[in-house]
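To get this note's numbering, take the position in the sequence shown, counting from 1, and add 1336.
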Amino acid sequence: MNGYALQRGEHRRTYPLHGWLGLGLVAVFWSLNWALEGLRTHWAFFPMWLGYCLSVDGLVYLRRGTSLLSRSWRRYVGLFLLSALVWWFFEVVNWRLQNWQYVGGELFTSLQFWTWATLNFTTVIPAVFGSAELMASFDFIKRLGRGPVVRPDRGTTVGFFLAGLAMFTLMMAWPRLFFPFLWLSVYFITEPVNVWLGHRHLARWTRRGVWRPVMALWLGVLLTAFFWEMWNYFSYPKWVYHIPWGQFWHIFEMPLLGYGGYLPFALELYALYHLVVGLLGEEDSDYVRL
1337 MNGYALQRGE HRRTYPLHGW LGLGLVAVFW SLNWALEGLR THWAFFPMWL
1387 GYCLSVDGLV YLRRGTSLLS RSWRRYVGLF LLSALVWWFF EVVNWRLQNW
1437 QYVGGELFTS LQFWTWATLN FTTVIPAVFG SAELMASFDF IKRLGRGPVV
1487 RPDRGTTVGF FLAGLAMFTL MMAWPRLFFP FLWLSVYFIT EPVNVWLGHR
1537 HLARWTRRGV WRPVMALWLG VLLTAFFWEM WNYFSYPKWV YHIPWGQFWH
1587 IFEMPLLGYG GYLPFALELY ALYHLVVGLL GEEDSDYVRL
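Now the structure itself:
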């Protein structure tokens, strides 16, 4: 444990217990998921990814003295609940797009598939937000200089909103051509709504040319995506991709160009989270700290 100690003046922090629990879950269920044959990932996925979430949260606490779980376990549980709802939205849209499918899913009844899928979908947002907070703790993020200024003025927000609606409409009408808009349209629609309703939004930073939260989300989701795709590769059931174009240079099951979709996806998660918590009465929630 001393190897994980962090000295800040006279204050000494150690890797927390929940982080060690997370590492244990990852070690056990990663090994089982890759070593066993036949159906196993439906029950191994959640504990493996819960382990990821807890171990990353532990690293954030070690580096910053605060983390999603340590700030509020109730809100942390809320991230899991919201995550399932959000990812089911993307699953519903995918019924039209048919961009990914679950190999082995046909071996379950509809109720079994829905139950296991819902449980496993709960880990998406906690994993991404935890990884983003981890990235935000590094000095190279803190030292980022000013970037382009994007102000949430009326013209910009209306333009974003209309562009988002147009992208979503094109995607649903002609999915073979416009399927990538799934990972852009939701953010373009949701971010202006957060601005108009007074909820927390990323433009509160970009209006000053500050892109640190955006960069933390981008790097955090890429870290998460690496483990998503790597652990999925030798899983069963597993997901595979069937996109109309761009099927080349695969890293695990994902085509290289597909990793670019993770960047706006992280922004979508951030915007959707703050839309929901804002509607629940926390218009300026600072629970997620980037």
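From the three backbone atoms N, C-alpha and C, an ideal C-beta is built for every residue, glycine too. Every value quoted in this text rests on a predicted model; they were computed, and no experiment measured them.
Checklist entry - Should Thr1402 be labelled buried (16 or more other beta-carbon atoms within 10 Å of its own) or exposed? => result Taking all protein chains in view, the Cβ of Thr1402 is surrounded by fewer than 16 other Cβ atoms within 10 Å, so the residue is classified as exposed.
Checklist entry - Grouping DSSP H, G and I as helix and E and B as strand, with all else coil, what is Arg1432? => result Helix, per DSSP.
Next on the checklist: Here's the rule I'm using: 16 or more other beta-carbon atoms within 10 Å means buried, otherwise exposed. How should Pro1484 be labelled?
Outcome noted: With fewer than 16 other Cβ atoms inside 10 Å of its own Cβ, Pro1484 counts as exposed.
Item to check | Residue burial classification, Gly1345 (beta-carbon count within 10 angstroms, cutoff 16) | outcome: Interpretation of Gly1345 is limited by its pLDDT of 40, a score under 50 that renders its predicted location unreliable; the figure taken from the coordinates is listed afterwards. Its Cβ having fewer than 16 others within 10 Å, Gly1345 is exposed.
Next on the checklist: Closer than 8 angstroms is the cut-off here; do at least three beta carbon pairs connect the region 1381-1397 with the region 1456-1475?
Outcome noted: The answer is yes - the region 1456-1475 touches the region 1381-1397, with three or more Cβ pairs under 8 angstroms.
Item to check | Boundaries of the alpha helix (DSSP H) in which Trp1564 is found, first to last residue | outcome: Trp1564 -> alpha helix (DSSP H) spans 1548-1569.
Checklist entry - Can you name the start and end residues of the beta strand (DSSP E) that Tyr1577 belongs to? => result Start and end: 1574-1577.
Checklist entry - When burial is assigned at 16 or more other CB atoms within 10 Å of the CB, is Leu1498 buried or exposed? => result Counting the other CB atoms within 10 Å of its CB gives Leu1498 a total below 16, which places it among the exposed residues.
Checklist entry - Thinking C-alpha only, which one of Glu1565, Leu1616, Tyr1606 is nearest His1586? => result The option with the nearest alpha carbon to His1586 is Glu1565.
Checklist entry - What residue from Met1590, Phe1584, Phe1563 has the CA that sits closest to Val1576's CA? => result Among Met1590, Phe1584, Phe1563, the Cα nearest to that of Val1576 belongs to Met1590.
Checklist entry - Taking Cβ positions, are Ala1608 and Thr1493 nearer each other than 8 angstroms? => result Going by the sequence as given, residue 1608 is Leu instead of Ala. In this structure, Thr1493 does not lie closer than 8 angstroms to Leu1608 by Cβ.
Checklist entry - What's the call for Gly1545, buried or exposed, on a 16-neighbour Cβ count within 10 Å? => result Exposed.
Checklist entry - CA-CA distance, Met1551 and Arg1432? => result In this model, Met1551 and Arg1432 are separated by some 31 angstroms (Cα to Cα).
Next on the checklist: Please classify Leu1353 as buried or exposed, where buried requires at least 16 other C-beta atoms within 10 Å of its C-beta.
Outcome noted: Taking a 10 Å sphere around the C-beta of Leu1353, we find fewer than 16 other C-beta atoms and assign the residue as exposed.
Item to check | Sequence ranges, alpha helix (DSSP H) only - wholly within the region 1498-1524, length at least 4 | outcome: Listed in chain order, the alpha helix (DSSP H) runs fully inside the region 1498-1524 are 1511-1514, counting runs of at least 4 residues.
Next on the checklist: Restricting to runs no shorter than 3 residues, where is the beta strand (DSSP E) found entirely within the region 1404-1478?
Outcome noted: Qualifying beta strand (DSSP E) stretches, in chain order: 1436-1439.
Next on the checklist: Whole angstroms are fine: how far does the CA of Ala1561 sit from the CA of Ser1620?
Outcome noted: The residue you asked about is not Ser; residue 1620 is Asp in the sequence shown. Each residue's Cα considered, the two are about 28 angstroms apart.
Checklist entry - Do the region 1498-1507 and the region 1471-1484 touch if we need at least three Cβ pairs shorter than 8 angstroms? => result Output reads no: the region 1471-1484 does not touch the region 1498-1507.
Checklist entry - Exposed or buried, Thr1451, counting other C-beta atoms within 10 Å across all chains shown (16 or more means buried)? => result Exposed is the call here.
Next on the checklist: Can you tell me where the alpha helix (DSSP H) holding Arg1540 begins and where it ends?
Outcome noted: Arg1540 -> alpha helix (DSSP H) spans 1539-1542.
Checklist entry - Using DSSP with H/G/I as helix, E/B as strand and the rest coil, what is His1354? => result Annotated three-state conformation of His1354 is helix, per DSSP.
Item to check | Spatial neighbours of Arg1400 in its chain, beta-carbon cut-off 6 angstroms, leaving aside the 5 residues before and after | outcome: Shown here for Arg1400: same chain residues with a beta carbon closer than 6 angstroms to its own, the five before and five after excluded, namely Ser1473 in chain order.
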